[in-house]
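Undergrad:
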Amino acid sequence: MRLTIQQDTLTPELFLTLYRSVGWDAPGVEQVRVALANSTATFTAYADPEAETEVAPEPVGMVRLIGDGGMSFYIKDFAVIPSMQSQGVGAALLDALERHVCDVIEPGWGVSLELISSQDAVAFYERHGFEPRPNDWDGPGMLKMIRA
Ligand SMILES: CC(C)(COP(=O)(O)OP(=O)(O)OC[C@H]1O[C@@H](n2cnc3c(N)ncnc32)[C@H](O)[C@@H]1OP(=O)(O)O)[C@@H](O)C(=O)NCCC(=O)NCCS
Numbered sequence: 003m004r005l006t007i008q009q010d011t012l013t014p015e016l017f018l019t020l021y022r023s024v025g026w027d028a029p030g031v032e033q034v035r036v037a038l039a040n041s042t043a044t045f046t047a048y049a050d051p052e053a054e055t056e057v058a059p060e061p062v063g064m065v066r067l068i069g070d071g072g073m074s075f076y077i078k079d080f081a082v083i084p085s086m087q088s089q090g091v092g093a094a095l096l097d098a099l100e101r102h103v104c105d106v107i108e109p110g111w112g113v114s115l116e117l118i119s120s121q122d123a124v125a126f127y128e129r130h131g132f133e134p135r136p137n138d139w140d141g142p143g144m145l146k147m148i149r150a
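Note that the sequence shown covers residues 3 to 150 in my numbering.
#1: For ligand 1, is there a heavy atom less than 7 Å away from the beta-carbon of A93?
#2: List the endpoints of the continuous beta strand (DSSP E) containing A57.
#3: Consult DSSP for D122 and reduce its assignment to one of helix, strand or coil.
#4: Is F80 near ligand 1, in the sense that its beta carbon is under 7 Å from a heavy atom of that ligand?
#5: Of all the options G71, L16, I77, F80, which has the alpha carbon lying nearest to the alpha carbon of W111?
#6: For the stretch 25 to 81, which segments carrying the alpha helix (DSSP H) assignment without a break, of at least 4 residues, lie completely within its bounds, in sequence order?
#7: Inspect the beta-carbon positions of T42 and L67 and report whether they are closer than 8 Å.
#8: Provide the residue(s) that pair with E116 in DSSP beta bridges, ordered along the chain.
#9: Name the DSSP beta bridge partners of R4, please?
#10: Using a Cβ-Cβ cut-off of 6 Å (strictly less than) and excluding sequence neighbours within five positions of S74, which residues of its own chain qualify?
#11: Kindly examine ligand 1 and report whether one of its heavy atoms sits closer than 7 Å to the Cβ of L117.
#12: Looking at the unbroken alpha helix (DSSP H) that takes in A150, where does it start and where does it end?
#13: Considering just the uninterrupted stretch of the alpha helix (DSSP H) at F17, what are its terminal residues?
Structure representation (structure tokens):
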């Protein structure tokens, strides 16, 4: 399989398709539109047909980066469609995201890349260098939903 990673082309409609493909309850399309517009970057993975055919590349995964550009970045909405998981799509998306962070920060800066993992993805993130929390220094990641 040949993979292409596109940056900042993710539409709200495609976001919702990929988001729902992994069983997550999606917000409304307008809420997604605002979130994408204010993201630092989005990355979408496309699986290209092997041979020269009329078949268009299929979108198979996405990840969204938010952050302050200086000290802290956050990974959101990382999803690969079930039929394409465990074939390196997630690794390719994460690689593109990390290269982008390196490109936008100044030489010598260290920044944190943070996330809350799903239970199933802990091994994936650990394999890519993320430290789980709680640990000897930090408590657990915490989250609060706020509704207007
Ligand atoms: C978590 C997720 C994004 C990872 O994407 P992915 O495409 O499956 O990731 P990869 O294929 O790069 O790696 C997954 C596993 O496949 C294996 N793998 C990678 N490339 C492979 C290949 N070419 N052939 C066989 N196995 C392979 C790796 O050993 C890896 O194992 P690990 O999980 O222990 O690290 C994806 O599984 C997913 O969408 N899960 C459901 C939603 C979710 O939980 N998202 C995370 C929210 S925080």
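Every residue, glycine too, gets a C-beta built ideally from N, C-alpha and C.
TA: Walking through what the data contain:
#1: Residue mapping note: residue 93 aligns to position 91 of the sequence shown, counting from 1. Yes.
#2: Your numbering for residue 57 matches position 55 in the sequence shown. Note that residue 57 is Val in the sequence shown here, rather than Ala. V57 -> no beta strand (DSSP E), and no H or E assigned at all.
#3: Counting from one through the sequence shown, the residue named residue 122 turns up at place 120. Shown here, D122 sits in a helix according to DSSP, grouped into three states.
#4: On the sequence shown, position 78 is the one that residue 80 refers to. Yes, the beta carbon of F80 sits closer than 7 Å to at least one heavy atom of ligand 1.
#5: Numbered from its first residue, the sequence shown carries residue 111 at position 109. It is G71.
#6: Entirely contained in the stretch 25 to 81, the alpha helix (DSSP H) runs reaching 4 residues are, in chain order, 31 to 39.
#7: Here residue 42 is taken as the residue at index 40 of the sequence shown, counted from 1. Here residue 67 is taken as the residue at index 65 of the sequence shown, counted from 1. Cβ atoms of T42 and L67: closer than 8 Å.
#8: The sequence position of residue 116 within the sequence shown is 114, counting from 1. Partner(s): Y76.
#9: Within the sequence shown, numbered from 1, the residue matching residue 4 stands at position 2. Answer is D50, bridged to R4.
#10: On the sequence shown, residue 74 is found 72 positions in, with the first residue counted as 1. The residues are S114.
#11: Here residue 117 is taken as the residue at index 115 of the sequence shown, counted from 1. Within the cutoff, so yes.
#12: Reading the sequence shown from its first residue, position 148 is the one you call residue 150. Here A150 belongs to no alpha helix (DSSP H), and DSSP marks it neither H nor E.
#13: Position 15 of the sequence shown, counted from the start, is the residue given in the question as residue 17. Segment 14 to 23, the alpha helix (DSSP H) holding F17.
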